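Accompanying notes for the structure given below.
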Amino acid sequence: MTHYTLRRRISLRESFLEILRRRSITIRPVNRLKGIYLFRAAVRLVLEYIEWLVEEPVIEEVSDDIAINIRRAEQRRLEKKMLTLQDRSYLLTRPENREKEDRRYVYELFKKFHIFVKYPERLREVLAGVCYYQYLRAGRVIVRQGHKPRNQYFIINGEVSVTKTVIDRWTGETKEIDMGILTSGDIFGEVAMLYEIPRSATVVTLTPVDLILVPQSEFDDIIRPFLQKEWDLLRDALINFNYFKSWDEKTIRECCILSKIRDYQIDEVLLGDGKGMVNYVHFLLEGECSLIEHMIVREKHSVYGTHYEIYDPEKAKTLSWSKIIEKIDELDYQKTKENDMKVDEDFVDYAQLLLSSKPTNRRRDLDERASIITITLLDVINQWHKITDVAEMLMREPSSISQQRYPIDVRTIFMQICTFSRGACFGLGENMVNRRIVANTPVRCFLVPRYWLRIHNRANIWERVKQFMDSKFPTKEQLFQNFVTNRRWLEYKKILVDDIGERTGRRIRNNVTIHDVPYAIRIVSDIGVEI
């Protein structure tokens, strides 16, 4: 045996002894309870889950009353959103003990209650095999501010309150701020686990809640890559704008939590016309969109040409009301005059009748007089009701359809004010009356809540941006003057082309109509006027 072989055997023996020595001193945690401790744990679990353990299954009965059956069906539909005893038994099974059928059942619960619905389908299938279930009564603390994160939570049923403790930098006093209430379908705890920072708020149950937990190890292996990709996308979008370069890491992280990225298709309205997310400021990442304003213009044709003026529906409504009131006053005066003349004639007829009548017919004459006066008063009342009915009909608020019914010489004109490209922002509260922002190409926007930007408004930058945009956009009068100038040029161009054609003796034939031009091009190029 050579010296090299002997030395190798000794080194192998020492290596094995070292491994055995390390294994002998390693403390292995035991996850099993024995004896009295196991009994106590079982009793605590029973007391914790006693509220839904004693629930009795509802036996469905069919009644002859249709209303009762409909009410029961509606109640069953609402109860389907609650976990049953069977659902909880599957969820309480430890992940390492779940078989294939158990994981499939849990995944069906994920789809039924929309658990982690923002994650991809494949990711949810994996989470169905590794998640935990927890039931908590009202008043229990789920996470506490400043503690190390250990789980990510999803609320199946119930409500929890979120509070944050802050210290006033001037007085040094500690106060508690209510951050809101989370309900079914909400997720919390993922930000602290993603950035490995302490909990930023305390979460306490307001009602009994059913929770789905994802431990730290499973979060790192399954969810972290997906979330990290989304958060990197938000951070990159945030860094692309100079407004946010002076923000610290904490502010950027809070902004990413509240912000979102949204895509828009061609000709889709981003903001305006009652559409869009009006409480968010839009930062344009990709694409191009236009700010379009519409005007209501009246055209008056005469021998001197076409005259344009802005049509104001409110002003026209006021004028029409004045005419209506004048007409009602005129009808009222005419009817009053007719009634006075009729009363005088009736009085003369009654006087002649009284002189020619005998004393024995006095009672009958009084009845006839009363009937004549009554008929006259009823006639006046009926005529007044007709007038008031017309007024009431005219006082009604017009419907959305009737609001679009303008006079025949009134038209709606769309004018493009400006074009937004990459790096632009809008939705800061600028004037959007009769305006809308429409996508010219596929657009991607970074959306930040407006209230949050108001809080982080250093040097009043957002108010200055808003004032700058309002100052650069033309007013309604300036836009109308531009419209009239363009119309005059189109009229002159058409006359000039026709004159050249007549002098040269050639007429250009063109079968293309305005309907062959795309609507978007008509708006941008200001085409479509019949001259």
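Using our numbering, you'd call the opening residue of the sequence shown number 1383 and step up by one each time. Where is the CB? At the ideal position from N, CA and C, for every residue including glycine. In this text, all values refer to a predicted model and were calculated from it rather than measured experimentally.
Asked: Since R1644 sits in a beta bridge, which residues does DSSP pair it with?; Found: C1827
Asked: Which residues in the same chain have their Cβ closer than 6 Å to the Cβ of Y1788, if we skip the five residues on either side of it in sequence?; Found: none
Asked: Taking 7 Å as the limit between beta carbons, can you name the residues of its chain near R1581, skipping five residues before and five after?; Found: V1525, R1526, Q1527, G1528, H1529, P1531, A1574
Asked: Alpha carbon to alpha carbon, how far is Y1885 from Y1693?; Found: The sequence as given places Arg at residue 1885; Tyr does not occur at that position. Between R1885 and Y1693, the C-alpha separation is close to 39 Å.
Asked: Check whether the Cβ atoms of V1817 and E1675 lie closer than 8 Å to each other.; Found: Before going further, note that residue 1817 is Arg rather than Val in the sequence given. Yes, the pair counts as a contact, with Cβ atoms nearer than the cut-off.
Asked: Quick one: residues in its chain with C-beta nearer than 8 Å to the C-beta of G1811, no 5 flanking neighbours on either side, listed in chain order?; Found: R1832, K1848
Asked: Kindly list the residues whose CB is nearer than 6 Å to the CB of L1640, restricted to its own chain and excluding five residues on each side of it in sequence; keep chain order.; Found: P1831, W1834
Asked: Between which two residues does the alpha helix (DSSP H) carrying A1424 extend?; Found: 1418-1430
Asked: What does a CB cutoff of less than 7 Å around I1559 pick up in its chain, not counting 5 residues either side in sequence?; Found: T1545, K1546, V1548
Asked: With a threshold of 16 other CB atoms inside 10 Å of the CB of E1503, please say whether the residue is buried or exposed.; Found: exposed
Asked: Answer yes if the stretch 1790-1797 comes into contact with the stretch 1651-1668, meaning at least three C-beta pairs across the two stretches below 8 Å, and no otherwise.; Found: no
Asked: Counting only the same chain and skipping the five closest in sequence on each side, list residues whose C-beta sits under 7 Å from that of L1609.; Found: E1572, L1576
Asked: Candidates T1587, V1596, R1551: which alpha carbon is nearest R1476's?; Found: V1596
Asked: Find the nearest neighbour of L1593 within the set V1499, R1470, G1805, judged by alpha-carbon distance.; Found: R1470
Asked: Figure out for me which residue from Q1534, L1467, D1484, Q1468 has the closest Cα to the Cα of F1498.; Found: Q1534
Asked: Which runs of the alpha helix (DSSP H), 4 residues or longer, sit entirely within the stretch 1541-1566?; Found: none
Asked: Work out the CA separation of I1790 and S1684 for me, nearest whole Å.; Found: 16 Å
Asked: When the Cβ atoms of the stretch 1846-1866 are set against those of the stretch 1819-1830, are three or more pairs found closer than 8 Å?; Found: no
Asked: Determine the DSSP secondary structure at Y1501, reduced to helix, strand or coil.; Found: coil
Asked: Buried or exposed for E1600, please, with buried defined as at least 16 other CB atoms from any protein chain shown within 10 angstroms of its CB.; Found: buried
Asked: Which runs of the beta strand (DSSP E) fall wholly inside the stretch 1814-1891 and span at least 3 residues, in chain order?; Found: 1817-1821, 1825-1831
Asked: How is V1730 classed by DSSP in three states: helix, strand or coil?; Found: Low per-residue confidence applies at V1730: pLDDT is 49, beneath 50, and the placement is therefore not dependable, though the value from the model is reported in the following sentence. Correct three-state label for V1730: helix.
Asked: Return the first residue and the last residue of the beta strand (DSSP E) that I1594 is part of.; Found: 1591-1597
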